[in-house]
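So the mapping is simple: our numbering equals the position in the sequence shown, first residue as 1, plus 1317. Each residue gets a CB set at the ideal place from its N, CA and C atoms; glycine is no exception. Single-structure report; data block below.
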Amino acid sequence: MDSKGRVVIKLGGGLITDKSISKTINMSAIDKVCKVILEIQNEGYNIIIVHGAGSYGHILAKEMDIANGIDKNNRHGQRNAVKKIRKDMLELNSHVIESLENLNLNVEVHPPSKWAKGIGMNFKGDITIFEKEPKGVIPMCFGDVVDREDDFEFGILSGDDLMYRLSVEIPDVKYTIFLLGDVGGVMDLPPTNPDAKILEIWSKTNFVKTKHNSDIDVTGGIDLKLDRAARISKHVSEVWFLDGRNPNRIIELIRDGETIGTKIIP
């Protein structure tokens, strides 16, 4: 069967971990999403997976100020933290691999610390490795601490920047989907507000009061996601924020053209 195109999916760190407690995995959430990934593949799509760091990356990165690069007064501590975060990210990734392999899905992981340099949307690295996989193999990567080619030495490459480059530069992407851990889409008010409702459509002209928990998140939270998603939507017609706790909504979207969630437009 010829491919119907590609689906690029981000498993948010707040979906696959408890963001507030260091290294706490949410295996049931991962398993639910992976079952849907199998269904998407069975529908005839190629898939690329990106996942967030959640409590496997953000807590230590925040504590050691990794996002701002090397601090000459804490070089040794920071370099040790970089090694630990990279190791922890591989550990988190191994849980996602395990869930996929339990469903007989083949996956090839490309840790950004091995192939990418620099941070932000314009990081350097060969994105084409994600389109060279044999048929049926799912390439995967994740937010990671990467080396920088400047005085900062290292920094955090967000999964949202990876989502942008993969969605825009890999050919034939039909859907870009951000799976959220605690909401059903983009909300018109902070999610803690009982009157908050899911916006069916969001564009950059919409102002929404977002809640970015900078106490833990070191990569820009929902605001960065929205910015990158809006940029992606100039190239990919179906860009969505969906509730990762109900991943069957991806299947609804692919089969019926609509579901509960937020469609992102330029």
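- Residue environment: S1475 is assigned as buried (16 or more neighbouring CB atoms within 10 Å of its CB, all protein chains considered).
- In this structure, V1485 lies away from G1472, with their beta-carbon atoms at least 8 Å apart.
- About 7 Å separates the beta carbon of A1346 from that of G1561, a gap short enough to meet the 8 Å contact definition.
- For V1454, the closest alpha carbon among the candidates S1337, D1505, L1377 and H1427 is that of H1427.
- In this structure, L1543 and I1365 do not form a Cβ contact; the two beta carbons are roughly 20 Å apart against a cut-off of 8 Å.
- Annotation: the segment 1387 to 1443 contains the following complete segments of the alpha helix (DSSP H) (minimum length 4 residues), in chain order: 1392 to 1419 and 1429 to 1432.
- Every unbroken stretch of the alpha helix (DSSP H) spanning 4 or more residues and falling wholly within the segment 1487 to 1561 is given here in chain order: 1538 to 1549.
- Around the beta carbon of N1385, fewer than 16 other beta carbons sit within 10 angstroms, so the residue counts as exposed.
- When the alpha-carbon of W1432 is set against those of E1356, P1507, G1394 and L1479, the nearest one is in L1479.
- Beta-bridge pairing by DSSP links L1474 to D1461.
- Within its own chain, the residues whose Cβ lies closer than 6 Å to the Cβ of P1564, once the five positions on either side in sequence are excluded, are K1349, V1350 and V1353, listed in chain order.
- When the Cα atoms are used, V1556 and L1497 turn out to be separated by approximately 13 Å.
- In this structure, N1410 is the residue among K1400, N1410, I1518 and L1570 with its C-alpha nearest to the C-alpha of P1456.
- Under DSSP, the beta-bridge partners assigned to L1328 are H1368 and L1496.
- Counting every other CB atom within 10 Å of its CB across the protein chains shown gives N1363 a total of 16 or more, marking it as buried.
- By DSSP's assignment, I1455 forms a beta bridge with V1424.
- In the three-state DSSP reduction, K1449 falls in the coil class, being neither helix nor strand.
- When the Cα atoms are used, G1361 and N1419 turn out to be separated by approximately 20 Å.
- Contact check for E1408 against K1434 fails: the beta carbons are separated by 8 Å or more.
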